[in-house]
Each structure stands twice: as C-alpha cells, then as structure tokens.
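Asker: Just so we're aligned: 405 in full-length UniProt numbering is position 405 of the sequence shown, and the numbers increase by one with no gaps anywhere.
All residues carry an ideal CB built from backbone N, CA and C; glycine is no exception.
As the structure is a prediction and not an experimental result, all values here were calculated from the model.
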Amino acid sequence: MIRLTFHGAAHTVTGSKYLLEADGASVLIDCGLFQGLKKLRELNWAGTPFKAGELDAILLTHAHLDHCGYLPRVVKEGYNRRVFCTPATAKLAEIIMLDSAKIQEQDAAYANKKGFSKHKPALPLYDGRDVLETVKLLRECDREDWINVAGPVWARFHDAGHLLGSNMIEVEVRQHDKVTRILFSGDVGRYDGPLYHDPTPPPECDYLICESTYGNRDHPDVDLRASLGEVVNRGIERGGVILMASFAVGRAQQLIYLLQLLKCDGVIPDLPIYLDSPMACNATDIYREHSIDHDLSEGELCGDRPVLGGPAVHLCRSADESKALNHLDHPAIIIASSGMMTGGRIIHHLKRRLSDPRTTIIMGGYQAVGTRGRRLEEGAETLRMHGQDIAVNAAIEKVPGLSGHADRTGLLRWLQDLPAPKQTFMTHGEPDSADALADTLRTERGWEVMVPELGDSVELG
C-alpha cells in the first residue's frame, strides 16, 4: 500500500509537507514553515503531525523557508536521518535556517524584554544549535541521478527553474513487478525569466502533486525592467529612501541584477544600493559559486561591471551597518528581507520610514494572506510592528512580473505535453487559485484533479 498525506501547502501557499508511506518506509517531501495568518503560524507550534523519529528520509525541492524552514523543529523532535537535496539547496538552506533561528531568538528576546507576548517566557520555535544539528543531515545529490532514499522509494531531481538549486522531485515506489511514479512539482519557475533556466518538462507519472500559486491569473504582460525603472524614478522624485521588501534568497539577487542593468542602460542614476541582509549577502556569494544553476555568464559575474555587485552595491552584514542606514536622508535603495514583511531587518526600516511621505516601499513578490505585505498591498492605513501601530504615509508601489512562480499560462505550458496522470493533487495555492487551475485541467483536459484539505490522506495505486 502507498499512502500520501498532505501536512502542509493545502489551501495555502506555505508549510509544504507531504508524507509518503510505502511498505513500511516513511518519506517526507519538503518540510516548510507555515507563514501568514495566525491560525497557520500556530500550526508550527502544534508539534509535528507525524512521529519525527520514525521518518526514514526527507527530500527537499528547494531552500525557501516555506519548504525547508521547519526542518530544525523536526530534528529537535527526534529526526536524525538523511535529508536529500541538490548542492545549491544544501548551501542556501543552511543560511536560511540559521537566519530563521536567529530571527526567532531575537523576537523571543524582544518580546520578553517588552512584555508583549502572552507566553512567559516567549521561546523560539528552534535555535541555532538545532540548525547546526540539521545541517549535519544534509546529503547533496546530483540532478537526474536515481537514489534509493528508503525501502522501495527511489527519487531523482529535475531543475524547476524557480530558485538556485530548485527542483521538481520524481519518485518511484518499486514494489516487486510494479512501479508507481509520483511527481512533486515543487515551485515551478517561469519561462524566459531572468537568472534561471526554464523548468524541465515534467516526466510521465501516475500521480502529480502540482503547485498552483498563480493558478487563477497571469502575470501582467509588461516590460519588467522598464516597469522597475519607472517605479525607482518615481521614488527618486519623492526625495526619500526607496525600500524594497525582498526574499533574501532569489529575489534579492534578481533585484540587484535588474537594477544594475537599468544603471548600465542609463534608465536610472547610479544610486547606492544597500543589501541589508546577512543572509542575502551570503546567498549572493553562493550564486557566484553555483553557476550551473543560473543563466549568468562568467563575464556578467566577474567583469568590469558585475551584475550582482560593484562599487555602488553595499553589503550590510553587521547590525551596526544596518543601523547606520537610519541616517540616510537622500534617495538610495535599501533591499531588506523578509519579502512578506513577517520578520527580518525590513521591520526596523518600516518602523522608521513608513510614516514618511518621501519614502517609497516597493513590493515585488507574492504576499500571502495575513502578512504585513498583504495588508500594505490592500491599502492598510496603519501597520502593527513590535506592539506599535505605524501610520502608512509612504508611497506603496508594486512591480508586476517579479514573481519567481509560473503563472496560470506558464503552468499550463509546463503541463501541456504531460499525459494525463491517474490523479492530480492541486496544492501550494490559496483556495481560489488551486480551485481555478483544478477546474481548468478538468474541463479542458479531462484530468482527474483533487484539491486536498490540510491533513487529507489518500491511497495511491
């Protein structure tokens, strides 16, 4: 018997966790943190919905927090076996998890100091020691090579084109003379996008677990560079700091790349760019080391005007370097995480600059329900941070098309040559998105599609 249970990313875009059980083997595909709405975040504290110590293996599609950020908690609860991923994912996951632990420890300490937490004392979900134990379990795998992860379960990784080292994972459950093929899409990247390769065509499968982040809409048909240039120039006219909320891994590097191209083309002036995130700084170094995972040439990385650096790109690693940015009183660009404004140094910049009408806040990615980013996107007049309500007087700008996810058309293109699986499960999307893509596949292609609820369990084969 083969059983698949959806412990995350069901009717939401966060918390990806899929438990595959076959002939006594238990394999978890992704181990992500829930983010956004309070009711989702509380699930992080509810304990693992499976016995962590009884898992045989964990597979990671990529290193974003909603796919790997719960790993240290699972290790804290007793998991001590292998975590399979590609080399770039291993490097990025380490810095992402360490940063997550640091933020949680800092937030807990701040809550205890200020007394605004209902928990006495406030505690982090996990700490840096838990992350270091987790890193010891990471096992790097090359793409396209089959590996036996546990019992009858075999897996291989294919480039998903979403992030450095990102993958879809093809799983085979090999039982005597029968092979059941299961494909986990991970996050599917965009065609012809900056930085990354196009997603690999999906291999034939009996069962498909497919993301649906943008399952009900397409990205605007705009010139991304031109649009970003216009937004930056409007920010310069306002006379204040341009604050870009960004994911530290992937989006931050994409923004630097695009901004450097705009400078080279003379579209925007040679403004100073401050990358205010130790994790983003470290991730940028990893991008230089893993050129196999992106489209940048050696000349673009290391030439006279490197697209991921240069004299006007300042890497702010220390707290003092970050605090010094408080004194900026002229147009400059600060890129800080987190991208959905749920934590990180972006919070301190928002507290200082959100009430200043000269400030421009640029959001360039998906904002999950319940996050500060979504509230700003929807026109909130105040934003609550560290127990304070801050007035929103800054200009809020959104750059369309920066997302690293395939849109509705991109997902359908990715699936166009795939023979119909026996069953498709639509995950990693808000209800409207998941339901819309499911309906499209049912009506236009005649596929059998299910949109699972959190905790749903199904038998395969």
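#1: Near residue 161, which residues of its chain fall below 6 Å by C-beta distance, leaving aside the five closest residues on each side in sequence?
#2: On the DSSP letters alone, give me the boundaries of the alpha helix (DSSP H) that residue 67 sits inside.
#3: So does the stretch 344 to 357 actually touch the stretch 379 to 388, counting three or more Cβ pairs closer than 8 Å?
#4: When the Cα of residue 462 is compared with those of 435, 364, 4 and 328, which residue comes out closest?
#5: Starting from residue 167, trace the beta strand (DSSP E) both ways and give me its first and last residue.
#6: Would residue 426 and residue 411 be called neighbours here (beta carbons separated by less than 7 Å)?
#7: Would a C-beta distance cut-off of 7 Å place residue 2 and residue 460 closer than the cut-off?
#8: Please check the pair residue 374 and residue 217, which I expect to be a contact at CB under 8 Å, by giving their CB distance rounded to whole angstroms.
#9: Put residue 264 into one of helix, strand or coil per three-state DSSP.
#10: Rank 275, 278, 276 and 259 by C-alpha distance to the C-alpha of residue 269 and give the top, closest one.
#11: Any C-beta of chain C sitting closer than 7 Å to the C-beta of residue 33?
#12: How would you label residue 264, buried or exposed, when you count the other beta carbons within 10 angstroms and need 16 or more for buried?
#13: Report the three-state DSSP secondary structure of residue 80 (helix, strand or coil).
#14: Does residue 447 come out as helix, strand or coil in the three-state DSSP assignment?
#15: If contact is defined by three or more beta carbon pairs under 8 Å, each pair taking one atom from either stretch, is the stretch 308 to 327 in contact with the stretch 200 to 214?
#16: Figure out for me which residue from 251, 167, 233 and 220 has the closest Cα to the Cα of residue 210.
#17: Considering only residues of the same chain and omitting the five flanking positions on each side of residue 231, which have a CB-CB separation below 8 Å?
#18: For residue 216, name the three-state secondary structure that DSSP assigns.
#19: Please name the residue in 30, 106, 154 and 92 whose C-alpha comes closest to that of residue 70.
#20: Quick check on this structure: which residue in 420, 172, 445 and 32 has the alpha carbon closest to the alpha carbon of residue 25?
#21: Should the stretch 282 to 293 be regarded as contacting the stretch 328 to 346, the criterion being three or more beta carbon pairs within less than 8 Å?
#22: To the nearest angstrom, how far is the alpha carbon of residue 89 from that of residue 236?
#23: Kindly indicate the opening and closing residues of the beta strand (DSSP E) around residue 26.
#24: Would you report the Cα separation of residue 391 and residue 91, rounded to the nearest angstrom?
#25: Counting Cβ pairs, one atom from each stretch, are 3 or more of them under 8 Å apart for the stretch 220 to 230 and the stretch 238 to 245?
#26: Helix, strand or coil: which one does DSSP assign to residue 46?
#27: From the DSSP output, read off the bridge partner residues of residue 504.
#28: Return the chain-ordered list of same chain residues with a C-beta closer than 7 Å to the C-beta of residue 157, the five sequence neighbours on each side being excluded.
Answerer: Based on what the coordinates show:
#1: For residue 161, where only same-chain residues beyond five positions count, the Cβ hits under 6 Å are 189, 196, 197, 198 and 199.
#2: Following the DSSP letters along the chain, one finds residue 67 inside the alpha helix (DSSP H) bounded by residues 65 to 68.
#3: Cβ pair count under 8 Å is three or more, so yes.
#4: Past the edges of the chain, shown from 1 to 461, lies residue 462, and the structure says nothing about it.
#5: Boundaries of the beta strand (DSSP E) harbouring residue 167: 167 to 175, taken from the DSSP string.
#6: Contact: no.
#7: The beta carbons of residue 2 and residue 460 sit closer together than 7 Å.
#8: Rounded, the Cβ-Cβ distance is 15 Å, inconsistent with contact.
#9: In this structure, residue 264 counts as helix in the three-state DSSP scheme.
#10: Nearest C-alpha to residue 269: 259.
#11: Included in the structure is just one protein chain, with no chain C present.
#12: So residue 264 counts as exposed.
#13: Coil, per DSSP.
#14: Of the three classes helix, strand and coil, the one that applies to residue 447 here is coil, per DSSP.
#15: Touching, no.
#16: 167 is the residue among 251, 167, 233 and 220 whose C-alpha sits nearest the C-alpha of residue 210.
#17: So the qualifying residues of the chain are 360, 362, 397 and 399.
#18: Coil.
#19: Ranking 30, 106, 154 and 92 by Cα distance to residue 70 puts 30 first.
#20: Of the residues 420, 172, 445 and 32, the one whose Cα lies closest to the Cα of residue 25 is 172.
#21: Taking a contact to require three or more Cβ pairs closer than 8 Å, the stretch 282 to 293 and the stretch 328 to 346 do not qualify as touching.
#22: If you draw a straight line from the Cα of residue 89 to the Cα of residue 236, it comes to about 36 Å.
#23: For residue 26, the enclosing beta strand (DSSP E) has its first and last residue at 25 to 29.
#24: Taking the Cα positions, residue 391 is about 39 Å away from residue 91.
#25: Taking a cut-off of 8 Å for Cβ pairs, the stretch 220 to 230 and the stretch 238 to 245 do not touch, as fewer than three such pairs fall below it.
#26: Assignment of residue 46 by DSSP, reduced to helix, strand and coil, places it in the coil class.
#27: Look at the range of the chain in this structure, 1 to 461, and you will see that residue 504 is not part of it.
#28: Counting only Cβ-Cβ distances below 7 Å, and skipping sequence neighbours, we find 86, 141, 143, 167 and 169.
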